[in-house]
Each structure stands twice: as structure tokens, then as C-alpha cells.
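Sequential numbering from 0 applies to the sequence shown in numbering that gives the first Met the number 0. Ideal placement from N, C-alpha and C gives every residue a C-beta, glycine not left out. One structure is given here, and the rest of the page talks about it.
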Amino acid sequence: MWLFLAASVFFPLINSGWSDPGLLPDPLLNPPSSPCRIPDGRLQEQASLYRTMRDPEVRSRIALTFRQANNPAALSVLQDLLKKETDPRLQADLITSYRILAETLDDVSGQIADFPRTFLRSKSAVVRQETALILIQAGTGLPEIAAMLEKNESPFLTASVLERLAASSLRLPAKTVEALAASQDPQIRNSALKYLARTAGNPDSEKLLASAWTKAQKEKDIPVLFALTDGLAANPVKKCPALLEKLVLFEHLPASARVAAASAMSPADPVRTDLLLLLLNDSSSAVRAAAARNLSGAAPSEKRTKALGKRLRDESLPVREAAAASLAAKTEPVLSEAVLAASDDRRALGPLLTVIRATGNREYAGRAAEILKTARKDKDAALICQAVETLTVLRAESLAPLILDCATDMNESVRAAVAASLRVFPGSATTSVLKKLLKDPSDDVVIAALESVRILNDTSLVKDLVESVGAFKRSAFLRAYACRALGKMTTLLDATDLRTLRKMILFPCIVEPMSPPMYDDPLPRGLGLYLLLEGSRAGNPLCQKAFDKAMDQLENPTPREKEEGLCDGLMAEYVRQIAALRDGKEVELKALESVEPELAVFENKKNK
């Protein structure tokens with residue numbers, strides 16, 4: 000992959016590992032790879048490298064990397080490179096990077112408004128198209144763009160530019176749109192009709208649309224019908240509702256057009272909501288699913304609830320899931336009989352659980368428990384997980400034994416769901432089950448159990464957590480979660496526990512048979528060191544002593560330890576951060592730098 004000479008990607012903060020995101024990985028466990036920001040000086044170096052290269056392929060690749068700059072200064076650099084670039088393909092690459100970069104930056108409309116409009120007259124359709132898109136983003140250049148479109152030279156260019164214009168505040172002159180709609184090229188004509196349908200807001204445009212519908216209906220012109228349907232469905236001012244209904248219900252309209260319409264219609268409009276409810280009965284499952292999804296934004300009503308409740312029993316799984324999601328998006332604490340009746344259908348049980356979770360009403364815990372029993376009888380792992388999650392969300396403590404019984408299930412996803420659920424059901428029975436799950440062969444199950452122990456702060460499991468820290472044949476993430484689970488139990492750590500931590504932080508270990516000893520992954524080592532710091536802050540003298548010795552060894556490694564990589568790379572950064580925290584200083588973010596592209600380096604040396 001081609002990279003900039005230097006990209007500012009920040010190391011994660013070690014103390015972010017003590018945040019509480021639930022079971023989801025936190026920023027420390029997923030170090031950010033973006034956003035990158037290319038410093039101004041490096042941009043100039045990259046531009047100089049571009050000018051030095053003779054090979055068009057190399058220059059093209061360098062040009063395309065500018066889109067990742069995340070720096071407004073790159074826009075000026077790209078314009079400077081364009082001034083002397085004569086190759087249409089490279090011009091297209093530079094302008095494309097300029098356009099993509101401008102779309103990712105904030106408040107640059109003023110800066111891009113002066114982009115050279117002469118490129119609208121380029122021989123390259125890509126150059127013309129990208130230039131038009133830049134000017135549309137800036138909200139300027141409409142006369143020049145209209146003049147370019149009136150030449151009807153490129154169907155793809157016309158479609159792309161009209162699509163972007165329809166989503167902007169700029170509006171083409173009526174004569175330009177009419178000329179495009181009368182084009183002999185069917186692609187240009189259909190793009191113009193779609194634009195007209197999406198932007199319709201006056202009697203003249205509505206008359207033109209009605210005429211196009213009459214002709215397309217008579218000739219069964221599917222592309223025109225598709226364009227009209229797609230455009231009208233997305234019309235922000237909700238014009239021509241009667242025409243839209245005729246289009247959607249037209250027997251020869253393909254299902255793909257109805258899917259597009261169902262996805263684009265605004266459910267805030269009562270007329271379009273009624274259309275979506277009609278489409279819930281469409282013969283195509285894809286159309287029904289699209290309509291059900293879009294109804295999530297419709298106002299709650301008995302008619303909506305009844306229609307979506309019926310779809311919980313649909314033969315198509317995507318339809319059932321979409322209906323459940325829409326009901327869950329706007330549901331009342333008490334469910335209607337139209338929804339609860341779905342429990343009679345085995346296929347509707349999963350979607351029904353989704354809706355029950357959304358209510359948060361513990362009165363439905365019994366129904367969820369019955370579904371759990373059915374799922375266990377059928378050995379349906381996915382449904383068991385959903386039922387366990389539902390009972391957890393409802394905090395149905397009286398039904399916790401049903402969840403605990405699932406801890407020995409053969410399916411690891413079920414055991415992981417149980418492990419995650421136990422964080423809301425404290426008690427001796429929970430502790431006993433967690434103790435077993437901490438030794439589960441699946442890392443996912445153990446990580447879920449570790450998080451539950453951390454949230455419950457179950458100090459009776461300290462030794463089990465330390466054992467997980469020393470489980471070198473398990474994943475680094477697992478050991479990192481184990482360190483975090485010990486975060487509030489540092490005062491209970493004894494000399495034996497600390498030996499396990501020191502071994503993980505400071506000494507190479509053999510992970511695989513016949514492999515040489517290697518230091519552990521920086522992630523658990525860094526969190527383990529931070530754990531010792533937390534213990535010393537909490538007043539554990541053993542932690543204080545262990546922390547001081549570990550920091551001394553890491554900050555002053557022997558020549559052999561340096562060679563072996565005791566404190567290299569990310570571990571060195573974690574040590575730097577922890578040292579600052581130890582000294583009561585604010586931790587400053589440190590950036591990583593990427594490398595120069597190898598091919599570019601080779602050619603640069605060759606040119607010299």
C-alpha cells in the first residue's frame with residue numbers, strides 16, 4: 000500500500016484501558032489507524048517527490064495518496080501540481096484526490112470555490128466530472144456546469160453530476176433539464192428525468208413528469224419508470240404523491256425499483272407512510288424488507304403496529320428482522336396483541352425477543368423464559384443467545400437459574416452469552432459458574448467472563464484472574480482483559496500473584512512448542528505494568544515494590560535486554576506514558592510516522 004512520507008497516527012493512551020465500554024473493545028484494544036494527518040512540511044516533500052518521478056504509474060500512485068492527507072494545506076499543494084500537469088490521466092488523479100479530500104474536510108467551501116473552471120472544458124470526461132463535483136460542493140459554477148451538460152457528451156458524467164446537483168441547493172435552468180430529458184441517448188434522458196423527479200417543485204416540472212409517465216406506461220419503458228420512481232420517492236418536498244403511488248403499484252415495475260422507492264421514501268410524510276404500509280404486502284421479500292426497515296421512522300400508530308406485527312411471522316428472515324427493528328425503534332412499554340400474537344409462530348420468536356428487549360418491561364420476562372426453553376429443546380443456539388440477552392436486559396433475577404443452566408451448552412456462543420449476562424446477576428451461584436467459565440477453552444467465553452467479574456468486582460476470584468494473566472498460550476486480548484479485571488482488586492494481590500505479573504511483563508516466555516522464548520504482546524504487558532501502578536496508588540506495598548523494580552528494569556535495560564527487545568516499539572511508548580503518570584505529569588500524545596513508498600525511493604535514487 001502506498002503511504003505518505005509521514006502520517007501522524009497517535010498511540011493509544013494506556014490508561015484508556017481502564018475505561019468501561021462493557022464487553023466491546025475499547026480504544027486501547029483497538030489502536031486507531033486513523034485519522035492520519037500529514038504535516039505541511041511533509042506535504043511539500045511529497046509534492047517534490049511527485050515532480051521528481053518520471054514514471055507516470057509512480058506519479059499516479061503518489062497523486063492518489065494525497066486524498067488521505069486530512070490537512071487543508073494539501074488542497075493548495077494539489078492545485079499547484081495541477082498548474083504544470085499536462086497528462087489528462089494524472090490531472091484526473093490529482094483532481095479526484097482534491098475532490099475526495101475536500102469532501103472529508105470541514106469548512107473548505109470557500110477555499111475550493113476558486114478551483115479552476117477551465118477543467119470543465121477538458122478532453123477527459125473524468126476531469127470534467129470531478130471538476131463539476133468540486134464546484135457543486137462549493138456551491139458555485141452552475142452556469143459553466145449547465146453549459147457542459149447541454150453538450151450531452153458523456154452519459155456517465157451526466158448521471159454523476161445530476162445526482163450530486165439533486166442533493167445540493169443548486170438548481171439547473173429549466174431549459175437545460177428539458178434539453179437533457181429530450182436527449183436521444185436513453186441514459187442521459189433517464190438521468191435527467193430522475194433529476195427532474197427528485198427536484199420537482201413547480202407545475203411545469205410536474206406536467207413534464209406526468210407526460211413522461213403516460214408515455215412510459217404505454218410503452219412499458221422500464222428504465223424510465225425506474226428513474227421516475229426513484230426520483231419521486233426521494234423528493235424532499237414530497238411532490239406528486241398520486242403519481243408516485245401509480246408508479247409504485249404499476250404491475251410492470253420491477254421489484255428492484257420498488258425496493259429503491261421503499262428505501263428512499265420519507266416515513267415522516269403520512270402519504271408515503273401509507274405507501275410503505277402497502278408495500279409491506281408486496282410479493283417480493285426484498286420490497287417488504289425495505290418497507291419494514293423504512294417504517295422505523297414513521298410515527299407510531301395502531302395501523303403501523305398491526306402491519307409490522309404481522310410481518311414478524313413473514314416467511315423471509317430479513318423481513319422479520321426488519322419488522323422487529325422498526326417496532327423496537329418506536330415501541331411502548333406495553334405491547335399490543337398484534338405483536339404478542341407472533342409468539343404462535345416459531346419463526347417469529349427471535350424478532351419478538353428484539354421487540355421485548357426494547358420495551359424494557361420485566362412483565363415480559365416470563366414470555367422470554369418460555370422462548371428460552373423452546374430454544375434449548377430445539378438446540379437453537381442463536382435463539383438461546385437472544386433469549387439470554389433479553390432476560391439480561393430485563394434483569395429478570397428470578398429467572399437467572401435458567402441462564403445458569405445454559406453455561407454448559409456445547410455451543411461456545413451460548414456460553415459467551417451466559418458469561419456476559421452474569422454481570423447483572425450477582426450471587427454465589429454466579430461466582431461458581433464464572434469460576435468454571437474462566438477456564439473455558441474458548442477465548443471469547445473467557446473474555447466475556449472476565450468482563451463480568453470486573454463489573455461485579457467479585458474479589459473471591461482474584462486467583463482465577465491472576466491465572467488468566469499468566470495463561471501465555473491464550474490470546475493477548477484475553478490476558479489484557481484479565482489485567483483490567485484486576486483493576487479494583489490490587490490491594491488483594493500477594494507476592495505469588497505479583498510474580499505472575501512480573502513474569503508476564505519482564506521475561507520472555509515460550510508460547511508455542513519448539514519456538515524460541517519471546518516477550519509477550521505489548522498490550523497485556525502495558526496493562527500489567529499499569530495495574531502495578533494502580534496497586535501502588537491504592538496502598539499495596541508489594542505492588543509499589545514490584546512497580547519500582549519493573550520500571551527500573553524497563554527504563555534501564557541491560558545490553559542483552561535491549562537486544563532481545565525488552566522495551567521496544569509500543570511497549571516503550573506505554574512505559575513512557577506510565578512514567579509520566581507516575582511522576583504526576585500530563586501524558587502527551589506521541590505520533591507514529593509511516594515510511595516512504597519503497598518503489599518511489601528506488602526510482603528517486605535511480606534518478607540521482
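Between the C-alpha atoms of residue i and residue j, what's the straight-line distance to the nearest angstrom?
i: Lys-438; j: Asp-313; result: 41 Å
i: Ala-395; j: Ala-364; result: 6 Å
i: Leu-421; j: Gly-230; result: 50 Å
i: Ala-321; j: Pro-332; result: 20 Å
i: Pro-608; j: Thr-353; result: Examination of residue 608 is not possible in this model, given that the chain is present from 0 through 607 alone.
i: Ile-402; j: Leu-307; result: 30 Å
i: Gln-576; j: Leu-100; result: 33 Å
i: Leu-326; j: Ala-290; result: 13 Å
i: Ala-368; j: Pro-350; result: 15 Å
i: Leu-464; j: Leu-485; result: 7 Å
i: Asp-281; j: Leu-382; result: 28 Å
i: Ala-399; j: Ser-451; result: 15 Å
i: Glu-466; j: Glu-533; result: 19 Å
i: Leu-279; j: Arg-310; result: 8 Å
i: Ser-459; j: Phe-424; result: 16 Å
i: Ala-324; j: Asp-404; result: 29 Å
i: Thr-228; j: Phe-114; result: 35 Å
i: Pro-31; j: Asp-273; result: The predicted position of Pro-31 is uncertain, since its pLDDT is 39 and thus under 50; a value taken from the coordinates is nonetheless stated next. Rounded to the nearest angstrom, the two C-alpha atoms are 45 Å apart.
i: Lys-305; j: Asp-443; result: 39 Å
i: Asn-70; j: Ala-415; result: 43 Å
i: Thr-373; j: Ala-337; result: 21 Å
i: Ser-204; j: His-251; result: 24 Å
i: Glu-560; j: Ala-578; result: 19 Å
i: Ser-168; j: Thr-175; result: 17 Å
i: Glu-362; j: Asn-293; result: 29 Å
i: Gln-110; j: Ala-72; result: 10 Å
i: Leu-243; j: Ala-137; result: 32 Å
Could you check if residue i is buried or exposed, using at least 16 other CB atoms within 10 Å of its CB as the buried criterion?
i: Ser-96; result: buried
i: Lys-193; result: buried
i: Val-247; result: buried
i: Asp-39; result: exposed
i: Pro-26; result: Residue placement at Pro-26 is flagged as unreliable, the pLDDT there being 41, under the threshold of 50; a coordinate-derived value is accordingly withheld.
i: Thr-103; result: exposed
i: Glu-301; result: exposed
i: Cys-508; result: exposed
i: Glu-587; result: exposed
i: Met-503; result: buried
i: Asp-92; result: buried
i: Ala-260; result: buried
i: Ser-190; result: buried
i: Thr-495; result: exposed
i: Gly-527; result: buried
i: Leu-513; result: Note that residue 513 corresponds to Met in the displayed sequence, not to Leu. The residue is exposed, with fewer than 16 neighbouring Cβ atoms inside 10 Å.
i: Arg-53; result: exposed
i: Ser-47; result: exposed
i: Ser-535; result: buried
i: Gln-183; result: exposed
i: Asp-106; result: exposed
i: Arg-120; result: exposed
i: Leu-134; result: buried
i: Glu-84; result: buried
Considering residue i, what are the terminal residues of the alpha helix (DSSP H) in which it resides?
i: Asp-547; result: 540-554
i: Lys-438; result: Run containing Lys-438: none; DSSP gives neither H nor E here.
i: Pro-55; result: 55-64
i: Thr-85; result: Thr-85 -> no alpha helix (DSSP H), and no H or E assigned at all.
i: Leu-192; result: 185-198
i: Cys-508; result: Segment: none, Cys-508 is in no alpha helix (DSSP H) and carries neither H nor E.
i: Ile-37; result: Per DSSP, Ile-37 belongs to no alpha helix (DSSP H) and is neither H nor E.
i: Ser-204; result: 202-218
i: Tyr-480; result: 475-484
i: Met-570; result: 568-581
i: Val-333; result: Neither: Val-333 is in no alpha helix (DSSP H) and is coded neither H nor E.
i: Ala-399; result: 399-403
i: Phe-225; result: 221-232
i: Asp-273; result: 269-278
Exercise. Is the segment 296-312 touching the segment 264-273, taking contact as three or more C-beta pairs under 8 Å?
Worked result: yes
Exercise. Between the segment 208-217 and the segment 136-150, do at least 3 Cβ pairs fall closer than 8 Å?
Worked result: no
Exercise. Does the segment 123-135 touch the segment 155-165, meaning 3 or more C-beta pairs lie closer than 8 Å?
Worked result: Yes: the two stretches touch, three or more of their Cβ pairs being nearer than 8 Å.
Exercise. Within the chosen definition, does the segment 515-529 reach the segment 477-486 through at least 3 CB pairs nearer than 8 Å?
Worked result: yes
Problem set entry | Uninterrupted alpha helix (DSSP H) stretches inside the segment 100-143 (no shorter than 4 residues) | 108-111, 124-137
For this session: Taking 8 Å as the threshold, find out whether the segment 232-241 comes into contact with the segment 188-204 through three or more Cβ pairs.
Result: yes
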